[in-house]
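Following this note's numbering, the residues of the sequence shown are numbered contiguously, the last one being 409. Written out below as structure tokens is the structure these notes cover.
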Amino acid sequence: MTSGDRETALVLPGGGARAAYQVGALRALARLTPRRAPLPFPILCGTSAGAINATTLAIHADDFRQGVARLVRWWRRIDASAVYLADLSSLSRHGMRWLAQVLVGRPGPSQAASMLDNTPLERLLRRALAFDRLDDRIRDGRLVALAVNATSYTTGHAVTHYQGATTVQPWRRLRREGRATRLGVEHLMASAAIPFVFPAVRVGQDWFMDGSVRQLTPLAPALRLGARRVLILPVGQFNGQQPSPPPPAGTSSRYPSFAQTAGHALSSIFLDNLGADLERLDMLNRVVEATGPDLLAGRGLSLRRVDALVCGPSRDLGDAARPYADRLPAGVRYLLRGFGSTHGTGANLMSYLMFEPGYIRALLGLGYADAMARRVELCEFLARAGAPVCVAPGDDSSGAGGA
Numbered sequence: 007m008t009s010g011d012r013e014t015a016l017v018l019p020g021g022g023a024r025a026a027y028q029v030g031a032l033r034a035l036a037r038l039t040p041r042r043a044p045l046p047f048p049i050l051c052g053t054s055a056g057a058i059n060a061t062t063l064a065i066h067a068d069d070f071r072q073g074v075a076r077l078v079r080w081w082r083r084i085d086a087s088a089v090y091l092a093d094l095s096s097l098s099r100h101g102m103r104w105l106a107q108v109l110v111g112r113p114g115p116s117q118a119a120s121m122l123d124n125t126p127l128e129r130l131l132r133r134a135l136a137f138d139r140l141d142d143r144i145r146d147g148r149l150v151a152l153a154v155n156a157t158s159y160t161t162g163h164a165v166t167h168y169q170g171a172t173t174v175q176p177w178r179r180l181r182r183e184g185r186a187t188r189l190g191v192e193h194l195m196a197s198a199a200i201p202f203v204f205p206a207v208r209v210g211q212d213w214f215m216d217g218s219v220r221q222l223t224p225l226a227p228a229l230r231l232g233a234r235r236v237l238i239l240p241v242g243q244f245n246g247q248q249p250s251p252p253p254p255a256g257t258s259s260r261y262p263s264f265a266q267t268a269g270h271a272l273s274s275i276f277l278d279n280l281g282a283d284l285e286r287l288d289m290l291n292r293v294v295e296a297t298g299p300d301l302l303a304g305r306g307l308s309l310r311r312v313d314a315l316v317c318g319p320s321r322d323l324g325d326a327a328r329p330y331a332d333r334l335p336a337g338v339r340y341l342l343r344g345f346g347s348t349h350g351t352g353a354n355l356m357s358y359l360m361f362e363p364g365y366i367r368a369l370l371g372l373g374y375a376d377a378m379a380r381r382v383e384l385c386e387f388l389a390r391a392g393a394p395v396c397v398a399p400g401d402d403s404s405g406a407g408g409a
């Protein structure tokens with residue numbers, strides 16, 4: 007692997023069940039990659055469910071197709087009960103403890119400080135992921151670093167826990183820092199701890215929540231790890247999304263439900279910061295092109311152009327979840343209906359929790375189709391990093407299988 011090859015990163019933002027879309031897009035990339043080729047992204051950065059996807063790829067960095075195939079199988083087999091306690095009695099018991107804690111203001115057990123109990127996910131990850139292989143992949147040069155983002159409850163800082171080569175040094179910036187560590191399941195659970203939905207997770211002496219909450223510059227960890235080319239697979243739309251139609255003349259829209267409020271908050275957390283960071287990156291690239299890196303270096307500014315490619319959904323993933331609402335377990339269905347998650351933009355909240363096989367398969371298919379529609383662009387992007395991609399699209403001999 008040359009120094010140029012080591013500067014390509016894959017950024018996988020969070021989004022709960024929506025992260026299945028990323029796996030569909032990765033399956034398309036795997037289909038365009040020669041057999042037994044290594045991971046074309048030696049720098050991996052993941053947040054929330056995206057961190058689970060990134061970790062699986064990192065463990066199998068010596069064989070990209072195998073890593074994607076493992077992800078496809080994992081997501082195809084998952085359902086709500088494998089992620090959180092979904093039966094009505096568990097939901098009622100956990101919800102009542104959470105509500106009592108909110109009303110009384112008395113700290114309760116950590117597992118009750120949320121609407122949902124996601125201990126099934128922790129057990130699933132411990133069985134599925136062989137973290138001891140990360141050292142092997144770093145040692146053989148297939149992996150520069152794997153970064154998992156979380157947010158500290160104590161400081162409010164965005165913390166990037168990473169495991170990587172000795173050349174990668176920790177960093178500290180305004181309200182964000184990078185900590186070298188040996189990654190484990192606790193880091194993934196911390197990164198996926200959506201506030202109020204899933205409980206906080208303790209790592210060391212600190213408690214953490216979802217990494218997207220205070221991640222004001224989502225691309226910064228990849229750049230700090232040495233990336234100069236970044237592929238981003240978001241789980242929401244940046245372009246072409248149609249606003250909801252206005253209410254008919256003479257009528258007014260409904261008062262926003264809890265689900266609408268929470269859905270917009272989650273969309274802001276998972277999407278808005280990334281959009282703003284991409285705009286800043288484009289502006290800096292224009293400055294570098296107009297000024298020149300040598301002149302900037304003479305003024306003490308070490309700015310270089312960073313190529314970024316975003317491959318996101320061609321349709322609204324919240325709206326895509328609505329047809330599958332009745333397939334969720336009864337307890338989850340009643341909970342979400344009570345929150346107003348089946349009306350309008352309230353479906354955004356439902357989509358993050360929609361770990362239902364039909365919806366997952368739909369996202370796998372959509373991600374694959376969207377990426378294949380842009381395969382020329384994706385291949386050109388990776389070719390600039392020297393990645394061995396773009397075998398004949400008709401050769402579907404990859405272990406990734408059909409979505």
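Virtual Cβ for every residue (Gly too), placed ideally from N, Cα, C. Owing to the predicted nature of the structure, the values given are computational and were not obtained by experimental measurement.
Only counting runs of 4 or more residues, tell me where the alpha helix (DSSP H) segments fall wholly within the region 139 to 215, in order along the chain.
139 to 145 and 191 to 197
Which residues mark the beginning and the end of the beta strand (DSSP E) in which GLY52 is found?
Along the sequence shown, one-based indexing puts residue 52 at 46. Element bounds for GLY52: 49 to 53.
Straight-line CA distance for GLU386 to LEU16?
Working through the sequence shown from its first residue, we reach residue 386 at position 380. Working through the sequence shown from its first residue, we reach residue 16 at position 10. So the alpha carbons of these two residues sit roughly 15 Å apart.
Reduced DSSP secondary structure (H/G/I, E/B, other) of VAL89
Here the question's residue 89 lines up with position 83 in the sequence shown. In this structure, VAL89 counts as coil in the three-state DSSP scheme.
Cα separation between VAL293 and HIS193?
Here residue 293 corresponds to residue number 287 of the sequence shown, with the count starting at 1. Here residue 193 corresponds to residue number 187 of the sequence shown, with the count starting at 1. Their Cα atoms are separated by approximately 37 Å.
Using the C-alpha atoms, what's the distance from VAL209 back to VAL241?
As a first step, residue 241 is located in the sequence shown; it is residue number 235 there, counting from the start. As a first step, residue 209 is located in the sequence shown; it is residue number 203 there, counting from the start. The straight-line gap from Cα to Cα measures roughly 27 Å.
Check for me: the alpha helix (DSSP H) holding VAL294 runs from which residue to which?
For the purposes of this step, residue 294 is identified with residue 288 of the sequence shown, where counting begins at 1. Taken as a continuous stretch (DSSP letters only), the alpha helix (DSSP H) holding VAL294 covers 279 to 297.
Determine whether the beta carbon atoms of GLY30 and GLY371 lie at a separation below 8 Å.
Stepping through the sequence shown from its first residue, residue 30 is reached at position 24. Stepping through the sequence shown from its first residue, residue 371 is reached at position 365. Going by C-beta atoms, GLY30 is nearer than 8 Å to GLY371.
Mind listing, in chain order, the continuous alpha helix (DSSP H) runs of no fewer than 4 residues lying wholly within the region 22 to 75?
26 to 37 and 55 to 65
Unbroken alpha helix (DSSP H) runs of length 4 or more, entirely within the region 352 to 384: which are they?
353 to 359 and 363 to 379
Considering ARG235, what are the terminal residues of the beta strand (DSSP E) in which it resides?
Here residue 235 is taken as the residue at index 229 of the sequence shown, counted from 1. 235 to 238 is the span of the beta strand (DSSP E), which, as asked, contains ARG235.
Contact belief for VAL154 with ASN124 at Cβ below 8 Å, rounded distance in angstroms
Here residue 154 refers to the residue found at position 148 when the sequence shown is read from its first residue. Here residue 124 refers to the residue found at position 118 when the sequence shown is read from its first residue. So it is not a contact: roughly 16 Å between Cβ atoms.
Comparing C-alpha positions only, which one of ARG310, THR14 and PHE361 sits nearest to ARG2?
Outside the displayed span of the chain (7 to 409) sits residue 2, for which this structure offers no information.
Residues that ALA15 bridges to, as DSSP identifies them
Within the sequence shown, residue 15 is the residue found at index 9, counting from 1. Answer is ILE49 and VAL236.
Applying the 10 Å Cβ sphere with the 16-neighbour rule, what's the burial state of LEU180?
Residue numbering aside, residue 180 sits at position 174 when the sequence shown is read from its first letter. Looking at its Cβ environment, which holds fewer than 16 other Cβ atoms inside 10 Å, LEU180 is exposed.
Which of the three DSSP states is assigned to ALA134 in this structure?
Taking the first residue of the sequence shown as 1, we reach residue 134 at position 128. The answer is helix: DSSP assigns ALA134 an H, G or I state.
Kindly indicate the opening and closing residues of the alpha helix (DSSP H) around ALA314.
Position 308 of the sequence shown, counted from the start, is the residue given in the question as residue 314. Careful: ALA314 lies outside any alpha helix (DSSP H), inside the beta strand (DSSP E) at 313 to 316.
Taking all protein chains shown into account, do 16 or more other C-beta atoms lie within 10 angstroms of the C-beta of PRO48, making it buried, or fewer, making it exposed?
Walking along the sequence shown from the start, residue 48 turns up at place 42. Per the 10 Å Cβ criterion, buried.
Please name the residue in PHE214, PHE361, ARG390 and MET378 whose C-alpha comes closest to that of ARG37.
The residue labelled residue 37 in the question sits at position 31 within the sequence shown. Comparing Cα-Cα distances from ARG37 to each of PHE214, PHE361, ARG390 and MET378, the minimum goes to MET378.
Do three or more CB pairs link the region 197 to 208 to the region 278 to 290 at distances below 8 Å?
no
Please state the DSSP three-state secondary structure of ASP332.
Counting from one through the sequence shown, the residue named residue 332 turns up at place 326. It is helical.
Exposure label - TRP81; buried when at least 16 CB within 10 Å
The residue you call residue 81 lines up with position 75 of the sequence shown. Its Cβ being crowded by 16 or more others within 10 Å, TRP81 is buried.
Simplified DSSP assignment, three categories, for ASP325:
As a working note, residue 325 is residue 319 in the sequence shown. Reduced to three states, the DSSP call for ASP325 is helix.
Between ASP93 and ALA331, what straight-line distance do the alpha-carbon atoms span, to the nearest angstrom?
As a first step, residue 93 must be located in the sequence shown, where it is residue number 87. As a first step, residue 331 must be located in the sequence shown, where it is residue number 325. Cα to Cα, the separation comes out at about 16 Å.
Just to confirm, is the Cβ distance from GLY22 to LEU384 under 8 Å?
Position 16 of the sequence shown, counted from the start, is the residue given in the question as residue 22. Position 378 of the sequence shown, counted from the start, is the residue given in the question as residue 384. No, the Cβ-Cβ distance between GLY22 and LEU384 is not below 8 Å.
What residue range is occupied by the uninterrupted alpha helix (DSSP H) comprising ARG230?
The count along the sequence shown starts at 1 and reaches residue 230 at position 224. From DSSP, the alpha helix (DSSP H) with ARG230 extends over 226 to 230.
So, with DSSP's three-state summary, where would you put GLY20?
Locating residue 20 in the sequence shown gives position 14, where the first residue counts as 1. Coil.
Indicate whether LEU45 and ALA67 have their beta-carbon atoms separated by less than 8 Å.
As a working note, residue 45 is residue 39 in the sequence shown. As a working note, residue 67 is residue 61 in the sequence shown. Yes, they are a contact pair.
Could you tell me whether the Cβ atoms of ARG311 and GLU285 are closer together than 8 Å?
Residue numbering aside, residue 311 sits at position 305 when the sequence shown is read from its first letter. Residue numbering aside, residue 285 sits at position 279 when the sequence shown is read from its first letter. No; because the gap between Cβ atoms is not below 8 Å, this pair is not in contact.
Applying the criterion that 16 or more other CB atoms from any shown protein chain within 10 Å of the CB defines a buried residue, is GLY184 buried or exposed?
The count along the sequence shown starts at 1 and reaches residue 184 at position 178. Buried, by the Cβ-count rule.
CB of PHE70 within 8 Å of CB of ALA43, strictly:
By 1-based counting over the sequence shown, the position of residue 70 is 64. By 1-based counting over the sequence shown, the position of residue 43 is 37. Yes, these two residues count as a Cβ contact at 8 Å.
From this set, GLY364, ASP322, ARG381 and ALA368, which residue's C-alpha is nearest LEU355's C-alpha?
Here residue 355 refers to the residue found at position 349 when the sequence shown is read from its first residue. The residue with the shortest Cα to Cα distance from LEU355 is ASP322.
Which residue wins for smallest C-alpha separation from LEU225, given the options THR53, GLY190 and ARG12?
Here residue 225 refers to the residue found at position 219 of the sequence shown. Among THR53, GLY190 and ARG12, the Cα nearest to that of LEU225 belongs to THR53.
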